[in-house]
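Chemist:
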Ligand code: DQA
């Protein structure tokens, strides 16, 4: 799951977020997950309620794990945090940039303490590393 403004990846502040588009990231993740025998569903939304509703749906649709870059909602959204707590699935938080090396308001996450892990600072590769961790976790859980 991808939060607000991540639909602009590739064009948005490329010095911070790189040149890889969200479509390229999603395609690579889906291919890697598929090769490992898993299905990866992607959703990007600029609206908080759309993300909350998708997280809620994960309670009953067979989702095994949530990979999420909440983007700006990381730092603001009690609603997304509460939804993740409600579904009680493993969560891996992802960021392209390293929020800890940026403005002070990015240092607090409403999600990190619920997450099994956080991957940040590696650009588009953050998603790749997070998926690798997710697949290892799912293989161990199986
Ligand atoms: C981000 C970091 C957030 O602070 C920011 O609001 C984003 C993207 C990242 O992936 O680096 O939109 O989540």
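Residue numbers (my numbering): 0 to 141.
Where is the CB? At the ideal position from N, CA and C, for every residue including glycine.
1) If you draw a straight line from the C-alpha of residue 72 to the C-alpha of residue 109, how long is it?
2) Give a single yes or no on whether residue 71 has its beta carbon closer than 7 Å to a heavy atom of the ligand DQA.
3) Tell me whether residue 99 counts as near the ligand DQA, meaning its Cβ is closer than 7 Å to at least one heavy atom of that ligand.
4) Spell out the partners DSSP gives residue 43 in its beta bridges.
5) Quick one: using the 10 Å Cβ neighbour count with 16 as the cut-off for buried, is residue 90 buried or exposed?
6) I'd like to check one pair, residue 8 with residue 21: are the Cβ atoms closer than 8 Å?
7) For the alpha helix (DSSP H) that residue 102 lies in, which residues bound it at each end?
8) Ordered along the chain, which non-local residues of its own chain (more than five positions away) have a Cβ less than 6 Å from that of residue 25?
9) Measuring alpha carbon to alpha carbon, tell me which of 81, 87, 76, 118 ends up nearest residue 96.
Modeler: In this structure, then:
1) 8 Å
2) yes
3) no
4) 1
5) buried
6) yes
7) First-last for residue 102: undefined, no H or E at that position.
8) 41
9) 118
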